[in-house]
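Numbering that gives the first Met the number 0 numbers the first residue of the sequence shown as 0 and each following residue consecutively. The beta-carbon is built from N, C-alpha and C at its ideal position, and this holds for glycine as well. All figures in this text were calculated on a predicted structure; none of them were measured in a lab. Heads up: the structure comes next, in C-alpha cells.
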Amino acid sequence: MQISGRRCEVVAPIAASSFDLTEEYASAFRTESYHEFWAQVLDHELEHGAALKMPMSARRGKSVGGFLAENLLSPDQTTVSKILGHLKPGSLRLDTRALLTDYYAGTADASLLFGLLLQEIDRTRRRFRPLKAAVHSLLSGSRPSRDALRAVGDYVSKSGDARFDPFGVSQSKFQSVREGSVSLLDRLESGRKKARAKRQRLRRIRRAAASVCVVVFVASASIVGACVPIHAVVAAAALPGLVSAGVGRGGRSARRLDRGIAQLDAAARGAYILNRDLDTISRLVARLRDEAEHARRLLRLCEWGGGDEEEGGGGRWMTEEVVQQAVRSVGSFSRQLDELEEHLYLCFMTINKARKLVMQEILFAN
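As C-alpha cells, then:
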C-alpha cells in the first residue's frame with residue numbers, strides 16, 4: 000500500500016503547561032479541513048434532515064449516535080480493520096499493533112459518545128422550543144396568558160422535583176469513555192517510552208559492535224601486515240564493508256523501531272487531545288446542568304406567581320422580576336447548547352485529523 004503526497008510530520012504530545020487549547024481550537028476554525036468537515040455535516044443535514052437525523056431505512060439495529068459516528072468518522076473502523084489486516088508481515092511490531100488497534104477503538108467509542116450527546120442536544124432543543132415562546136409571552140400584556148402558564152407548568156412538571164439533568168442518559172457512557180481514554184493515553188505513553196529505551200539500547204549495541212569490529216580488524220591487519228604488507232591493504236579496503244555487514248541487521252531493527260515510535264507519537268498526541276476535549280465537554284455539560292436547574296427553579300416561581308390573583312400589584316411585580324430572570328436564564332441555556340454542539344463537531348474533526356495522521360504513519364511504514 001502507498002500513500003500519496005509527502006509524509007506528514009508528527010510531533011510528540013506536548014506538555015500540558017505549554018499547550019494552549021484555546022489557540023489550538025482557534026487555529027482549527029481557520030483551517031480548510033474544518034470548513035470541509037462542516038460541508039460534510041451540512042450535506043448530511045440536507046439529506047437526512049436537521050441535526051443529522053437518521054433516515055428510517057437505517058434505524059433498524061442502529062442508534063443515532065452510531066449513525067453519526069459511521070457517517071462522520073474518518074477513516075471508519077471497517078477501513079482501519081482492513082488496512083491493519085493487510086499490512087506486510089513485520090511492518091508493525093505486535094505490541095505496537097495492539098496499541099494502535101486500541102487507539103482506533105477508543106476514538107471510535109468517543110465518536111459514538113459525541114453522537115449521543117448531539118442527539119440529546121436535539122431532543123433538548125425540541126423540548127425548549129415551546130418553552131422559550133411561553134416565557135417571552137409572560138412579559139407581554141397585563142397578565143400572563145393561560146396558555147403561557149400552562150406551557151411553563153408542563154415543563155416544570157415534566158422535569159420533576161429532582162435535580163433536572165438534560166444529559167443524564169449519556170453519563171455512564173461518558174464516564175466509561177473518559178476512563179478508557181485516560182488508560183489509553185497511559186498505555187501509549189508507556190509503549191512509546193519502552194520503544195525509545197529499546198532504540199537507545201540498540202544504538203549503544205551498534206556503536207559497541209562497530210568499535211569491536213574496528214579493533215579486531217585493525218589488530219588482524221597489523222599482524223598480517225607485518226608479514227605480508229599487501230594483505231594489510233586488502234584488509235583496510237574490506238573493513239568498511241565488513242563493519243556495515245556486521246551492523247546491517249541492527250540498522251533494520253532500528254528503522255523499524257523508529258517507525259513504531261512515530262506511530263505511537265501520533266496516536267499519543269491524538270489521545271492527549273481527546274482527553275482535553277473530554278475534560279472541556281465535561282465542564283460544558285456540567286455548566287448546562289446548572290443553568291437548566293436554575294431555569295427550572297425560576298420557572299416554578301413564575302408558575303406560582305402567575306397563578307395568584309393580583310392584590311395591589313404585589314404578586315404581578317414578583318412575577319415580572321422572576322420572569323425577566325427566567326428569560327435571561329433560558330436564553331443563556333440556549334447559547335450554551337449551541338456552544339456545546341459546536342464543540343462536539345470540532346471534537347469530531349480533531350478525532351478524524353488524528354486518526355488520519357496515525358494511518359499515514361502506518362501506511363508510510365508499510
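Going by alpha carbons, who is nearest to residue i out of the options?
i	options	result
Ser252	Asn274, Lys197, Ala265	Lys197
Ala266	Leu345, Ala97, Gln118, Arg177	Ala97
Arg295	Arg327, Pro88, Arg275	Arg327
Ser171	Leu115, Pro129, Ala107	Leu115
Lys352	Thr100, Leu273, Asp101, Lys192	Leu273
Val357	Lys131, Arg275, Leu99, Leu297	Leu99
Asp121	Ile361, Ala364, Asp337, Cys346	Asp337
Leu72	Ala261, Gln174, Phe113, Ala133	Phe113
Asp94	Ala109, Leu297, Leu362, Lys193	Lys193
Asp185	Thr279, Ala270, Leu298, Leu300	Ala270
Glu320	Ser175, Gly330, Arg334, Leu300	Leu300
Arg405	Glu178, Ala364, Cys346, Gln174	Nothing about residue 405 can be read from this structure; the chain reaches only from 0 to 365.
Leu130	Gln359, Leu298, Thr279, Tyr103	Leu298
Gln359	Glu188, Tyr102, Gln199, Ala261	Ala261
Leu391	His85, Cys346, Asp257, Arg268	Any question about residue 391 goes unanswered here, given that the chain covers just 0 to 365.
Asp101	Leu86, Arg200, Arg177, Leu183	Leu183
Ser175	Arg268, Leu187, Ala109	Ala109
Glu188	Gly330, His293, Arg128, Arg268	Arg268
Tyr103	Ser80, Phe173, Val181	Ser80
Val422	Lys355, Arg354, His293	The question about residue 422 has no answer here: the residues shown for the chain are numbered 0 through 365.
Ala291	Arg275, Phe173, Thr123	Thr123
Val181	Gln199, Arg275, Ile361, Arg200	Arg275
To the nearest angstrom, how far is it from the Cα of residue i to the Cα of residue j?
i	j	result
Leu91	Gly259	7 Å
Asp264	Ile350	15 Å
Leu117	Thr77	23 Å
Ala325	Asp289	14 Å
Arg191	Val322	57 Å
Met348	Gly105	15 Å
Glu119	Leu111	13 Å
Arg126	Pro74	34 Å
Ala133	Phe332	15 Å
Arg202	Arg195	11 Å
Leu287	Ala107	25 Å
Asp307	Arg334	Unreliable positioning characterises Asp307 in this predicted model, as indicated by a pLDDT of 48, which lies under 50. The coordinate reading is nonetheless provided below. Cα-Cα distance, rounded: 32 Å.
Thr279	Arg177	11 Å
Val10	Gly179	Residue confidence is low: Val10 scores 37 on pLDDT, short of 50, so the model does not pin down where it sits. Its coordinate-derived value is still stated next. So the two alpha carbons sit approximately 23 Å from each other.
His85	Leu256	20 Å
Lys355	Pro88	22 Å
Asn70	Leu83	21 Å
Ile361	Phe173	29 Å
By the three-class DSSP mapping on this structure, what secondary structure does residue i have?
i	result
His85	coil
Pro74	coil
Asn351	helix
Ser90	coil
Glu360	helix
Just checking: is the beta-carbon of residue i within a distance shorter than 8 Å of some beta-carbon in chain C?
i	result
Ser281	Note that chain C does not occur in the displayed structure, where there is just one protein chain.
* Stretch pair the stretch 335-343 + the stretch 278-291: three plus CB contacts closer than 8 Å -> yes
* **Sequence ranges, beta strand (DSSP E) only - wholly within the stretch 93-131, length at least 3** => none
* Residue ranges of each alpha helix (DSSP H) within the stretch 268-299, 4 or longer -> You should have found no qualifying run.
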